[in-house]
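K.L.:
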Amino acid sequence: MTPNEIAAKLTGLATKYHIRDVTLLAGRLLMSFIFLHEGVTLATHFDGAAKAMAAQGVGLPLFVATIALQLGAGLSVASGLLTRLGGIGLGLFCLATALLFHVNFASQNELLHFEKDLAISGGMFVLAAVGAGRISLDWLLARHLQKRQRDREMVKALLAVESEFSMDVRLPV
């Protein structure tokens with residue numbers, strides 16, 4: 033068997049078993065976990081976390097917005113509902129976090145956090161580009177909306193046919 037035949041066979045198997053969609057689901061769940069965990073942790077330790085953030089120069093409104101973003105966009109990515117929007121939001125959040133809070137490259141720990149934030153940001157942007165896949169609420173919603181559109185078009189076509197064959201019948205008085 034040639035390498036091209038092997039590749040074709042593997043591609044066929046991957047398509048048959050929806051490997052792409054399963055991989056996207058696993059990736060979405062893994063990437064969203066960090067945001068959901070951090071959002072829940074910040075919310076449950078709100079007072080202490082707010083004080084720690086204030087020491088970093090982050091005011092209360094921005095702190096609350098951070099929690100809302102982490103939980104909302106994290107759930108969005110995990111569930112696959114408005115995935116592209118959630119991915120863009122979290123990607124921008126990670127990019128901002130890297131550039132605002134992890135720029136002390138003299139510290140190996142800060143450099144590592146900077147690089148991790150950039151990597152997560154890149155992953156979120158890739159997710160925003162490719163979408164959630166078939167194992168998602170986005171896909172179910174799109175299928176539902178397509179079905180409704182087809183139903184509307186069918187009703188419109190039937191009404192057009194009915195009006196074409198209808199006649200004015202007048203009875204002699």
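Using the working numbering, the final residue of the sequence shown is 205, and nothing's skipped along the way.
Quick reminder that beta carbons are idealized off the backbone N, C-alpha and C, glycines included.
(1) On a Cα-Cα basis, can you pick out the residue from LEU45, ALA105, ALA84, PRO93 that is closest to LEU61?
(2) Scan the stretch 108-167 and note each continuous beta strand (DSSP E) run of 3 residues or more that stays entirely inside, going in chain order.
(3) Would DSSP call THR34 helix, strand or coil?
(4) Count the other C-beta atoms from every protein chain shown that fall within 10 angstroms of the C-beta of GLN102, then say buried if there are 16 or more, exposed otherwise.
(5) Relative to the alpha-carbon of LEU114, which residue among ALA161, ILE38, LEU127 has its alpha-carbon at the smallest distance?
(6) What are the boundary residues of the alpha helix (DSSP H) that VAL90 is part of?
(7) By the three-class DSSP mapping on this structure, what secondary structure does LEU74 have?
(8) In this structure, how does DSSP classify ARG202 when only helix, strand and coil are distinguished?
(9) Do LEU132 and the ligand ZN come close, with the Cβ less than 7 Å from some heavy atom?
(10) What would DSSP say about HIS50, mapped onto helix, strand or coil?
(11) Taking the alpha-carbon positions, what's the LEU177 to LEU68 distance?
(12) Can you find at least 3 beta carbon pairs, one from the stretch 171-187 and one from the stretch 81-95, that sit closer than 8 Å?
(13) Apart from the five residues just before and just after ILE152, which ones in its own chain have a Cβ nearer than 6 Å to its Cβ?
P.N.:
Taking the structure as given:
(1) That would be ALA105, whose Cα lies nearest to the Cα of LEU61.
(2) The stretch 108-167 contains no whole beta strand (DSSP E) run of 3 or more residues.
(3) Coil at THR34, not helix or strand.
(4) Under this definition GLN102 is a buried residue.
(5) For LEU114, the closest alpha carbon among the candidates ALA161, ILE38, LEU127 is that of ALA161.
(6) Run containing VAL90: none; DSSP gives neither H nor E here.
(7) Helix, per DSSP.
(8) Three-state DSSP puts ARG202 in coil, outside helix and strand.
(9) This structure lacks the ligand ZN; in fact it carries no ligand of any kind.
(10) Per DSSP, reduced to three states, the secondary structure at HIS50 is coil, with no helix or strand assignment.
(11) The straight-line gap separating the alpha-carbon atoms of LEU177 and LEU68 is approximately 29 Å.
(12) The stretch 171-187 is not in contact with the stretch 81-95.
(13) Excluding residues within five positions, the ones whose Cβ falls inside 6 Å are CYS126.
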